[in-house]
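Trainee: Protein chains in written order, with our numbering: chain A, -8 to 368; chain B, -8 to 368; chain C, 46 to 503; chain D, 46 to 503; chain E, 47 to 143; chain F, 47 to 143.
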Amino acid sequence: MTLKVGVISETAEGERRVAIDPLVAKKFEKIGVSVLLEANAGKDAHFDDAMYADVEVIDSATKLSGQVDVLIKVQIPTVAEVDAMQNGSILIGTLLAHKYPDVVARLNEKKITSFAMELVPRIARAQSMDVLSSQAAVAGYKAAIMGADLAPGFFPMLTTAAGTIRPSKVIVIGVGVAGLQAIATAKRLGAIVEAYDVRPETKEQIESLGAKAIVLEISASGEGGYARELSDDERKQQQQELAEYIATADVLITTAAVPGRPAPKIIPEMTVDGMKSRAVIIDLAAESGGNCTLTQPGETMTHSNGVVIHAPLNVASQVPIHASEMYAKNIFNFLSPMIKEGELALDFDDEIIKTSLLTHEGEIKHEATRKQLEGEA
Amino acid sequence: MTLKVGVISETAEGERRVAIDPLVAKKFEKIGVSVLLEANAGKDAHFDDAMYADVEVIDSATKLSGQVDVLIKVQIPTVAEVDAMQNGSILIGTLLAHKYPDVVARLNEKKITSFAMELVPRIARAQSMDVLSSQAAVAGYKAAIMGADLAPGFFPMLTTAAGTIRPSKVIVIGVGVAGLQAIATAKRLGAIVEAYDVRPETKEQIESLGAKAIVLEISASGEGGYARELSDDERKQQQQELAEYIATADVLITTAAVPGRPAPKIIPEMTVDGMKSRAVIIDLAAESGGNCTLTQPGETMTHSNGVVIHAPLNVASQVPIHASEMYAKNIFNFLSPMIKEGELALDFDDEIIKTSLLTHEGEIKHEATRKQLEGEA
Amino acid sequence: MDFMIKASYFIAAGLFIYGLKKMSSPASARDGIVWAGVGMILATLATFFHESIHGLTNYLLIIIAIAIGGYLAWTSGKKVAMTDMPQMVALYNGMGGGAAAAIAAVELIQRSGMNFTEQALAVVGGLIGTIAFSGSLIAYAKLQGIMRKTIRFPMQQLLNASAFIITVILGLVIAFSGTDYGLGILFIFFLLALVFGVMMTVPIGGADMPVVISLFNALTGLAVGFEGYVLDNPAMMIAGTVVGSAGFLLTQLMAKAMNRPISNVLFSNFGDATGKAQDVSGSMKEIEASDVSVMMAFAQKVVIVPGYGMAVAQAQHKIWELVKQLQERNVTVKFAIHPVAGRMPGHMNVLLAEAGVPYDIIYDLDEINEEFATTDVTLVIGANDVVNPAARTDPNSPIFGMPILNADKSKNIIVIKRGKGKGFSGIENHLFFADNTRMLYGDAQAVASELVSTVKEV
Amino acid sequence: MDFMIKASYFIAAGLFIYGLKKMSSPASARDGIVWAGVGMILATLATFFHESIHGLTNYLLIIIAIAIGGYLAWTSGKKVAMTDMPQMVALYNGMGGGAAAAIAAVELIQRSGMNFTEQALAVVGGLIGTIAFSGSLIAYAKLQGIMRKTIRFPMQQLLNASAFIITVILGLVIAFSGTDYGLGILFIFFLLALVFGVMMTVPIGGADMPVVISLFNALTGLAVGFEGYVLDNPAMMIAGTVVGSAGFLLTQLMAKAMNRPISNVLFSNFGDATGKAQDVSGSMKEIEASDVSVMMAFAQKVVIVPGYGMAVAQAQHKIWELVKQLQERNVTVKFAIHPVAGRMPGHMNVLLAEAGVPYDIIYDLDEINEEFATTDVTLVIGANDVVNPAARTDPNSPIFGMPILNADKSKNIIVIKRGKGKGFSGIENHLFFADNTRMLYGDAQAVASELVSTVKEV
Amino acid sequence: MEGIIALYIFMLAAFTGYEVISKVPVILHTPLMSGSNFIHGIVLVGAMVALGHAGSKLEMLFGFIAVILAAGNAAGGYVVTERMLEMFKPSDKKESK
Amino acid sequence: MEGIIALYIFMLAAFTGYEVISKVPVILHTPLMSGSNFIHGIVLVGAMVALGHAGSKLEMLFGFIAVILAAGNAAGGYVVTERMLEMFKPSDKKESK
Ligand SMILES: NC(=O)c1ccc[n+]([C@@H]2O[C@H](COP(=O)([O-])OP(=O)(O)OC[C@H]3O[C@@H](n4cnc5c(N)ncnc54)[C@H](OP(=O)(O)O)[C@@H]3O)[C@@H](O)[C@H]2O)c1
Ligand SMILES: NC(=O)c1ccc[n+]([C@@H]2O[C@H](COP(=O)([O-])OP(=O)(O)OC[C@H]3O[C@@H](n4cnc5c(N)ncnc54)[C@H](OP(=O)(O)O)[C@@H]3O)[C@@H](O)[C@H]2O)c1
Ligand SMILES: NC(=O)c1ccc[n+]([C@@H]2O[C@H](COP(=O)([O-])OP(=O)(O)OC[C@H]3O[C@@H](n4cnc5c(N)ncnc54)[C@H](O)[C@@H]3O)[C@@H](O)[C@H]2O)c1
Ligand SMILES: NC(=O)c1ccc[n+]([C@@H]2O[C@H](COP(=O)([O-])OP(=O)(O)OC[C@H]3O[C@@H](n4cnc5c(N)ncnc54)[C@H](O)[C@@H]3O)[C@@H](O)[C@H]2O)c1
């Protein structure tokens, strides 16, 4: 019997992505895995059922979940969706366990082996499975586009018969994957781009995109390519130094994040007060609370001085085609090495599997999540 | 007594521009003209009253209109606004007389000398007064940004660990001022851009931006840099040939227009049916009815096959800062040559004044408008 | 002693070659001339000990002659203006040719026991040297403005050819007649050669003179080489021949740089630039990319005016490369963008941004128009209407009243375009005919590449 | 007759120079050898009429000897594998040296009335020729695998030096003793020279052999030139000297390309590549930009692998210019973009798009990895991790399992980077040590400009 | 020949050899080495003369050896160079201008 | 000197001259012309010899003229060349490599 992999529609609000695109579906078929798809699961990402060749399309998510060995999702399933799954089957998705303890508990009860893609370690070999990177790239691009769209002025310089238009200045705070992509996109559009990150190595990276690095006196590089949290004093100093730069920005894109922690509040109200009335803030860190103290995640608000603060959630989902394609490719790269001749063969010693494993055989394998849940119990 | 020029808030819905920006206000002051500004007239364009140095700010539009020699507007005033003006004073704006016969009639009654900026002839000397060009440039840029924002995929190519994203194809129909700007902006963002216009000389212009020109067998260049209208047969042939190209587009931006006539319907429903479900149409011609038969001016609708048709009105107003700046500059370039030592000195033999003059001393000077009104009467 | 002299000659010959080699690269050129100079001094000093020099009178004469010739040439060479250099080269070269001819004359008058080969080479060297002598002097006179007219008449070439043939026949007679020739025939031979040198040079116009001078230079070299054989002096043979062959190649390169075959320069009487420049209507004057490169490389400030042609040619990347090179040489470079350059608002901005030109060296009309007066070179790339002074001066022009970039106010204007194509408004542009404007024809991208590579060589 | 022979020699000498000149440029190299060949045949045929050849026996012997030597060399040269070419060059060169030595021997045995200079040059030519002879044969034997061991022992250099000094002293004795020397001393002299040639070559390792062969080639040239003087044959003098001087320069260039001074090759016994090639570590070999340009200009297919270094150097515009130049020469050029090249997804795309590289020559890993095997030159620009074969081969490497661009599979790999800097993952890259990899050091932008200008000159 | 004249010839020839090589690209190093190896095959001419005027048996022997070796140098040098240069055959590629 | 040997020297020298010039940049054309003009000033050596062994008055006259002219060639050629080459002084500007 061949391995069955299933994909159901995402039910979270505003979610337009789908966990597998037609191309990856075909790749799965090629390695002897059969793919089951809930009808219209890819519709919002512009993948019609008809585009999935050789895939078994099933009307109901419940029916589908009940017969697959591996269920693949973009976001964490609801408890009901977990209930529909077979005991002991496998779940792969961006599970954000700490936010949904009840779902994790249910997964554990049903002895489901669940993998959280966001936990995949950031080692070279796993780059192709790194959903954080792929979705952040999408978000960074989109953030710059949003900035250009919301801004009441041009990005590029334009010399015309009706006067010369000066280019906009875009400042990017937090130069991770998303930040770099935002820099690149804003630069392309002709804006003057400056960027800041606590990690000093980002300076060269910013310059490698032709943008200007803002260098403060404070540094905060941590382990494994992530940033560490700053002390209160440090944060204050950072804020003040930055505020001066930010006052000159027409568009401010913030992406600063510290994994597993709320986003650092780098932009206090005072800084916003100092900005131009035409300025626009795109706070990509909204998902983890936002880098601006005024940010209301998911909302767009106008500050008293006219500054617009846009704090979109789930930005990648706004470019559903490519976000889905990349997500699906990540999943395939993650799952396919576990499949030997059409059979699952999990090597629990493998670093990638070990680290991304959330629940397995009734145990919560992810330290932090277990502590959180046990603490609760 | 110095000449008084007045600017009042635009009252049309969605209009964010203002007819004079702080820079031009200062220029007027420099040549001895005093500028009166309705309070908060520039607010939507992010020009606070405080930014206008040396300008007399007046609370009420009516009060203001009653004391200025020249009233400058972006859009045509309402009848009430005309009523507030002094008899025999001057009005400058984009008057689109054929759409608002009642206002024109009232202007005539009040013996107001009114200039319609859109009638300024397209001669070399008048390029700096050409509001059609300046606002079209803004619209073209914005159209490409809108396209990028509405598209469910990336514009540029991206080779990533999660697969390679192929660039989007953007097709621009109608390569006038707006079309060229849209081409340039979409190219900047990394899209593959193709463009089509009936005028053959646009081929070289398209290529001068690094984009590819679509060449059909049909040509329709008319006089004075404008296009002529096509015969029915020609239009059909054009549509069919174009449909094949358009089927490959991810974003379609249409800007085709024939001055003084409804926009040519180049994109029939059939063509839209042939497009990809992910495709987005930005119909910049919406103002004059749209290039697509499905277009509903001012609306965004989704066609049965998923294609989104966005038909924004008054696009320039969405980039209010620079659109206002350019508009103001145009006005200044138009008005300042008429001012000699702080006094108005109109030379009614001057080609520019002659051609743009709408009403003067109780006469409707613009041929077409007079005919239209007299026909009505 | 003899050995020492020979060794000195040997070393001098080596130094000449070494010096010439160094002179062929800009970085080492100055060392080159010094080394060659050392060789010259060495050879000259050694010659004072030459066995065949005899008699105090002769010694004295030698020293006096050197003093006179050397002093006059040295001082005149020192004080002449840089712009007059070419004619000085012609003058000194003519002297060299004359010297070779005079040597031949001495040997032929003396009938100093030459074998046939030697005698023949003495004659040939004498002929060539004499032609180079009188020809160079004419070239000098023309460039110096002493002789203003370019003399031409019908059948001129036929006459010249006849004169040349007669001279050659006389030469053959002398060469073949052992010691039996009379002084008379020798005299006529040299006279005819002198006359021929004059005749062949008078019809050539001033603009072609550098090529002609180079040719005479090569001829002098050859003559010196031949007389070297006569005098059994390998240093002269080598130095002369090296110069001869280098000179012929150089002549060819120079003619090629002017885009004309040498034969055309020498015989067609086509290149009369003196006549042309006086034409009142004005004319478009062409220029070579390499010369533009030198102009820009040594300028203080260069302003670049791009237009629609740059867009059509997609030359923006090349231009930016060029600018970076100029910047490396500390030239100040600015871009002047006209509000309606190109075919859409901001056309030039888009292209320059694509090429990566930073915003801070891009200026618009109002910002830069004052600066043209202090600009050394304005490089107009595929722009036309936006630099057309008619907009300021000609009320009947369709573009009258349009503000333009005052490129015409700068010291030098270089215009890159493909040919005589008009701009958008379809009118003539008087800027192209201005005295300080030079046209650099070609597709903007191709021309820009050429500029890039030639600037590198400066 | 004598004149005809001399003329033939003259023409031959001219053709040799002309041929060599043509051989120094890739486009004309093949014509060059043909012209040189024509010269050789002419000179050989003419020599049959040489006045000093007498006696039927001698004629017969000459013809037989030519037939034997010519036939054997021709056939062996024809059928040898391309990879064995270097040792064949060594072999034939040794034969030339031997011939020069044998001529010296004949002349010295014959005591044919030489003046001092001639005798001295005969001795020097004989010495040099003999060394080149035996040394070349050893080089041949080593490369051919006949002699596998590299013999080294303590005090070797001292011994070699002594042998050389004794040989030279013997030579001086012969040269200075007029016709008074005996056959015995002559015999010992040549024997010692033979032995010295062997001794100086045995300690040198296989990898250095090309340099050594080039040196022997120059020596043979010199020997031939000297014997040419002895035989009063200017063609031999010129050909020999030209080869001698060209050969010394070539030796130097080759040593430089290996990043070592010649002295090091000859005396330090350091460059034993036979031993080394088995050594896994290998060494990084540098290359000049101009050589890379030639390689690429004559390649069929070039693949460019950009990495983070290109981004840091902002070299994308230059690289694209380079590519356009190659395309003009009909070289197929493709960009290979690794999924994680640079520091963000799509980093390379952004830069290449900025430079204007069209999408259709940009390939991603899956599309292009098969193609490396058929690629002539892979140009790696500031990339490191993404072409590190350790990802395939070394399970302990932190990047093991990451798919990489198989640059190592292509025929030649050129790596541009500033120095020994590691990539993002901080590990060594064995690709840089591969036999077919050459390092082109420098900032990517600067190097790319250099490539652009040198490709133009090819 | 006079020694000093020989010196001139040596100098000029050496300079010529140096100039010809000085701008040569690396890929031509080996073919050029081989080509110049062929050119000193002109030693054949000398060997022929040496053997031609050889008197004693010993001289003849050495002369004979000289000719064999020299002929080998010339013939082998040519073949090998020709084969190496085959890869520079003018292909359909455009020549640089 | 034997004619054929002279021929060799002429050939080698001609080749040398050609080679030295062949890769020269355009801006060096004029200075090089001037430099080579100086080099044939070596005719001075010949003129000195000619005047030195002149016998008759006529010979002396021509010899005298020869030396004057030749000295002018050498001295003037040097000065002018030197001045032209002054602009290639290594300045603060970066040299092209
Ligand atoms: N910016 C706008 O918004 C806009 C809109 C519409 C019209 N216009 C008008 O367009 C004009 C713009 O002026 P401009 O000075 O930029 O351009 P222009 O006056 O149109 O002149 C362009 C020049 O470039 C040369 N050219 C064309 N292709 C070339 C190539 N491949 N390489 C080298 N040269 C090339 C042409 O001469 P050859 O053929 O001899 O090469 C031509 O004379 C103005 O008249 C303006 O009013 C502007
Ligand atoms: N693409 C992504 O999304 C992403 C994100 C994070 C990390 N990464 C990692 O980044 C790495 C990318 O690999 P890569 O091959 O592109 O780069 P790399 O492995 O980081 O190597 C870059 C090389 O470029 C050289 N270099 C730096 N500056 C230069 C300059 N100005 N001129 C010439 N050379 C220069 C450096 O050597 P010298 O110092 O000797 O010059 C260095 O070895 C991978 O390990 C990948 O995993 C990628
Ligand atoms: N090893 C790999 O293969 C691999 C894969 C993906 C990412 N990475 C690296 O990891 C890094 C982070 O990636 P990410 O985008 O997921 O990071 P992230 O989303 O966790 O954080 C975004 C950025 O915010 C910055 N930041 C945190 N606190 C800040 C503060 N107070 N002020 C300013 N900036 C602050 C961080 O330095 C980081 O650059 C990237 O730079 C990338 O190079 C490595
Ligand atoms: N002389 C000047 O100084 C000056 C000033 C401004 C504009 N212009 C020229 O005028 C031209 C038109 O300017 P605009 O942008 O205001 O034009 P527009 O807005 O009136 O029309 C836009 C474009 O639609 C095209 N079009 C019309 N019918 C079409 C059809 N059926 N199919 C396809 N395309 C069709 C037209 O050719 C035009 O290019 C520009 O190209 C510009 O060069 C000249």
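Just so you know, even glycine gets a beta-carbon here, dropped at the ideal spot from N, CA and C.
1. For methionine 282(C), count neighbouring Cβ atoms within 10 angstroms of its own Cβ and tell me buried if that reaches 16, exposed if not.
2. Assess contact between the segment 193 to 212 of chain D and the segment 260 to 280 of chain D, defined as three or more Cβ pairs (one per stretch) separated by less than 8 Å. Is contact present?
3. Once you ignore the five residues that flank serine 338(C) on each side, which residues in its own chain have a CB closer than 7 Å to its CB?
4. Using the three-state DSSP reduction, which class does tyrosine 43(A) fall into: helix, strand or coil?
5. For serine 498(D), go through chain C and note every residue whose CB falls closer than 8 Å to its CB, in chain order.
6. So that I know if they touch, is there some Cβ in chain C lying closer than 8 Å to that of leucine 107(E)?
7. Cβ of leucine 78(F) less than 8 Å from any chain E Cβ?
8. Mind listing the chain B neighbours of phenylalanine 445(C)? Cutoff is C-beta to C-beta under 9 Å, in chain order.
9. To the nearest angstrom, how far is it from the Cα of lysine 64(A) to the Cα of glutamate 473(D)?
10. Check the Cβ of leucine 144(F) against every Cβ in chain D and list those closer than 8 Å, keeping chain order.
11. Could you tell me which chain C residues have their CB closer than 7 Å to the CB of valine 168(B), listed as they occur along the chain?
12. Tell me where the beta strand (DSSP E) around valine 350(D) begins and ends.
13. Kindly list the residues whose CB is nearer than 7 Å to the CB of threonine 150(B), restricted to its own chain and excluding five residues on each side of it in sequence; keep chain order.
14. Listing by chain order, which chain B residues have their CB less than 9 Å from the CB of glycine 5(A)?
15. Compute the distance between the beta-carbons of alanine 489(C) and isoleucine 449(C), then report whether it is under 8 Å.
16. Starting from phenylalanine 106(A), trace the alpha helix (DSSP H) both ways and give me its first and last residue.
17. Can you grab the Cα-Cα spacing for the pair glutamine 155(D) / methionine 79(F), in whole Å?
18. Have a look at the DSSP bridge pairing and note the partners of glutamine 66(A).
19. Take isoleucine 67(A) as the anchor and find which of Arg97(A), Ala248(A) and Tyr43(A) has the nearest alpha-carbon.
20. Comparing C-alpha positions only, which one of Thr102(D), Phe417(D), Gly59(D) and Phe478(D) sits nearest to alanine 88(D)?
21. For arginine 116(A), is the beta carbon positioned less than 7 Å from some heavy atom of ligand 3?
Mentor: This is what the structure gives:
1. As a working note, residue 282(C) is residue 237 in the third sequence. The residue is buried, with at least 16 neighbouring Cβ atoms inside 10 Å.
2. With a cut-off of 8 Å, the segment 260 to 280 of chain D and the segment 193 to 212 of chain D do not count as touching, because too few Cβ pairs lie within range.
3. Reading the third sequence from its first residue, position 293 is the one you call residue 338(C). The beta carbon of serine 338(C) is closer than 7 Å to those of Leu496, Thr499, Val500 and Val503 in its chain, skipping five residues each way along the sequence.
4. As a first step, residue 43(A) must be located in the first sequence, where it is residue number 52. The three-state secondary structure of tyrosine 43(A), taken from DSSP, is coil.
5. By 1-based counting over the fourth sequence, the position of residue 498(D) is 453. Chain C residues near serine 498(D): Ser498 and Lys501.
6. Translated into the one-based positions of the fifth sequence, residue 107(E) becomes position 61. No, leucine 107(E) lies away from the interface with chain C (no Cβ there is under 8 Å from its Cβ).
7. By one-based count along the sixth sequence, residue 78(F) stands at place 32. Not one chain E Cβ lies under 8 Å of leucine 78(F).
8. For the purposes of this step, residue 445(C) is taken as the residue at position 400 of the third sequence. The contacting residues are Ala115 and Arg116.
9. Within the first sequence, the letter at position 73 stands for residue 64(A). Within the fourth sequence, the letter at position 428 stands for residue 473(D). Computed Cα separation, rounded: 39 Å.
10. There is simply no residue 144(F) to check, as chain F begins at 47 and stops at 143 in what is shown.
11. Reading the second sequence from its first residue, position 177 is the one you call residue 168(B). Chain C residues near valine 168(B): Met389 and Pro390.
12. Counting from one through the fourth sequence, the residue named residue 350(D) turns up at place 305. It spans 346 to 351 - the beta strand (DSSP E) in which valine 350(D) sits, taken as one unbroken run.
13. Residue mapping note: residue 150(B) aligns to position 159 of the second sequence, counting from 1. For threonine 150(B), same chain residues with a beta-carbon under 7 Å away, outside a window of 5 residues either side, do not exist.
14. Counting from one through the first sequence, the residue named residue 5(A) turns up at place 14. Those within 9 Å of glycine 5(A) in chain B number zero; the least Cβ separation is about 13 Å.
15. Position 444 of the third sequence, counted from the first residue, corresponds to residue 489(C). Position 404 of the third sequence, counted from the first residue, corresponds to residue 449(C). Contact flag unset, no.
16. In the first sequence, residue 106(A) corresponds to position 115, counting from 1. Taken as a continuous stretch (DSSP letters only), phenylalanine 106(A) belongs to no alpha helix (DSSP H), being part of the beta strand (DSSP E) at 104 to 107.
17. Against the fourth sequence, residue 155(D) aligns to sequence position 110. Against the sixth sequence, residue 79(F) aligns to sequence position 33. So the alpha carbons of these two residues sit roughly 52 Å apart.
18. Reading the first sequence from its first residue, position 75 is the one you call residue 66(A). Glutamine 66(A) is bridged to Thr85(A).
19. Position 76 of the first sequence, counting from 1, holds the residue named residue 67(A). Per the Cα distances, Arg97(A).
20. Translated into positions along the fourth sequence, residue 88(D) becomes position 43. For the residues Thr102(D), Phe417(D), Gly59(D) and Phe478(D), the minimum Cα distance to alanine 88(D) belongs to Gly59(D).
21. Within the first sequence, residue 116(A) is the residue found at index 125, counting from 1. In this structure, ligand 3 has no non-hydrogen atom nearer than 7 Å to the beta-carbon of arginine 116(A).
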